[in-house]
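This note's numbering puts the first residue of the sequence shown at 4, with every later residue one more than the last. Glycine residues also receive a C-beta, built at the ideal position from the N, C-alpha and C atoms.
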Amino acid sequence: MDIKNVRKWCRQFAAGRTDVHDKERSGRPSISDETVAKVEQTMREDRRITVDDLCISVPEVSGSSIHRILTEKLQYRKVCAKWVPRMLTEDHQRQRVESSREFLRRYADEKDNFSDSIVTGDETWAFHFTPETKQQSRQWLHSSSPKPRKFKQSPSAGKVMATGFWDRKGVLLVDFMPSGTTINADSNDDEVKDEVQRFLNDMAASWYDMGIQKLLQRLQKCIDRNGNYVEK
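Have a look at this one:
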């Protein structure tokens, strides 16, 4: 609390105020417990229901009041489902925990010698052309300047699958899946391959080492989550 509000409260208590609770305001009507319970029950019947639909089911309160009930009184928030590669069974989770423990046990015994033996990899589509994102197009403009427009673009159809393997010191192998037969496919694919190789080769060894160290942290998180997927 800043000094201005402290002084305000001191003046009010000096004038005879005896409590710290806000008084009822005419502009913000109170909401009964029955209404709160009705909103929660209706929401629980369909977790994807919108505020507009709740207004139809609970017409005695406004949309803003329903939103306030859900977010402030009931502490709910609407979130999107998280995409995961696959549904993990109990056996999958058990295997993930056992593998993570074995990795960490060996690292505890061998330290950097074990880190040097870890090889990891990943794969991704490399497009011939990737459009600029909305965030990347931000620019400083005066308040009186017209707002710039950006036309929507999609990634090019031409692409190659890049698969890379590396250890803590750098890249070991980069392989490319042959692309389909398209117009100018050979020349465009070669440019994409060169760009991917250039990017990976330009990264410092510390970048790869940091990735291996993060792997060890994620293994511990996997154990803590009983084998479930780990957030980045």
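Identify which residue in Asp-192, Ala-129, Arg-104 has its Cα closest to the Cα of Leu-218.
-> Within the sequence shown, residue 218 is the residue found at index 215, counting from 1. Nearest option by C-alpha distance: Arg-104.
Exposed or buried, Thr-184, counting other C-beta atoms within 10 Å across all chains shown (16 or more means buried)?
-> Residue 184 sits at position 181 when you count from the first residue of the sequence shown. Per-residue confidence for Thr-184 stands at a pLDDT of 42, beneath the threshold of 50, marking its modelled position as unreliable; the derived number appears in the next sentence. Flag for Thr-184 reads exposed.
Terminal residues of the continuous alpha helix (DSSP H) containing Val-247?
-> Any question about residue 247 goes unanswered here, given that the chain covers just 4 to 235.
Boundaries (first-last residue) of the beta strand (DSSP E) holding Trp-86 | Taking the sequence shown and counting its residues from 1, one reaches residue 86 at position 83. First-last for Trp-86: undefined, no H or E at that position.
Rounded to whole angstroms, what's the CA-CA distance from Gly-19 to Cys-13? Just pull it up for me.
-> Residue mapping note: residue 19 aligns to position 16 of the sequence shown, counting from 1. Residue mapping note: residue 13 aligns to position 10 of the sequence shown, counting from 1. Their Cα atoms are separated by approximately 10 Å.
With 16 other CB atoms within 10 Å as the buried threshold, where does Asp-205 fall?
-> Here residue 205 is taken as the residue at index 202 of the sequence shown, counted from 1. Exposure of Asp-205 is indicated by the presence of fewer than 16 other C-beta atoms within 10 angstroms of its C-beta.
Roughly how many angstroms lie between the CA atoms of Arg-80 and Val-174, to the nearest whole one?
-> If you number the sequence shown from 1, residue 80 lands on position 77. If you number the sequence shown from 1, residue 174 lands on position 171. Answer to the nearest angstrom: the Cα atoms are 43 Å apart.
Can you name, in chain order, every residue of its own chain whose Cβ lies under 8 Å from the Cβ of Glu-198, other than the five neighbours on each side?
-> Along the sequence shown, one-based indexing puts residue 198 at 195. For Glu-198, the CB contacts under 8 Å within the same chain, skipping 5 residues up- and downstream, are Ala-129 in chain order.
Would you give the residue range spanned by the alpha helix (DSSP H) that Ala-17 belongs to?
-> The residue you call residue 17 lines up with position 14 of the sequence shown. First-last of the alpha helix (DSSP H) with Ala-17: 6-17.
Measure the beta-carbon distance from Thr-123 to Trp-169 and round it to whole angstroms, keeping in mind my assumption that it falls under 8 Å.
-> As a first step, residue 123 must be located in the sequence shown, where it is residue number 120. As a first step, residue 169 must be located in the sequence shown, where it is residue number 166. Confirmed, Cβ separation roughly 7 Å.
What three-state label does DSSP hand Arg-221 in the structure shown?
-> Counting from 1 along the sequence shown, the entry for residue 221 is found at position 218. Three-state result, Arg-221: helix.
In the DSSP assignment, what residue or residues form a beta bridge with Ala-129?
-> In the sequence shown, residue 129 corresponds to position 126, counting from 1. Answer is Val-163, bridged to Ala-129.
Give the DSSP-derived three-state secondary structure of Met-180 in the structure shown.
-> Against the sequence shown, residue 180 aligns to sequence position 177. Strand at Met-180.
Residues in its own chain within less than 8 Å of Thr-74 by CB, not counting five upstream and five downstream?
-> What you label residue 74 is simply residue 71 of the sequence shown in a count that begins at 1. Contacts found: Arg-80.
Let me know the secondary structure DSSP gives Trp-169 once reduced to three states.
-> Within the sequence shown, residue 169 is the residue found at index 166, counting from 1. In the three-state scheme derived from DSSP, where H, G and I count as helix and E and B as strand, Trp-169 is classed as strand.
The alpha helix (DSSP H) spanning Val-42 covers which residue range?
-> Here residue 42 refers to the residue found at position 39 when the sequence shown is read from its first residue. Segment 36-48, the alpha helix (DSSP H) holding Val-42.
Any heavy atom of the ligand GTP within a distance shorter than 8 Å of the CB on Ala-207?
-> The ligand GTP is not part of this structure, which contains no ligands at all.
Thinking just about the alpha-carbon of each residue, which of Val-82, Ser-68, Cys-83 is nearest to the one in Lys-76?
-> Position 73 of the sequence shown, counted from the first residue, corresponds to residue 76. Closest by alpha carbon: Ser-68.
Span separating the alpha-carbon of Gly-167 from that of Arg-50 | Mapped onto the sequence shown, residue 167 falls at position 164. Mapped onto the sequence shown, residue 50 falls at position 47. Take the alpha-carbon of Gly-167 and the one of Arg-50: they are about 41 Å apart.
Measuring only between beta-carbons, confirm whether Gln-220 sits less than 9 Å from chain D.
-> Absent from the structure: chain D. Only one protein chain is present.
On the three-state DSSP scale, how would you describe Gly-124?
-> Stepping through the sequence shown from its first residue, residue 124 is reached at position 121. For Gly-124, the three-state secondary structure derived from DSSP is strand.
Where Leu-77 falls: helix, strand or coil (DSSP) | Within the sequence shown, residue 77 is the residue found at index 74, counting from 1. DSSP places Leu-77 in coil when its eight states are reduced to three.
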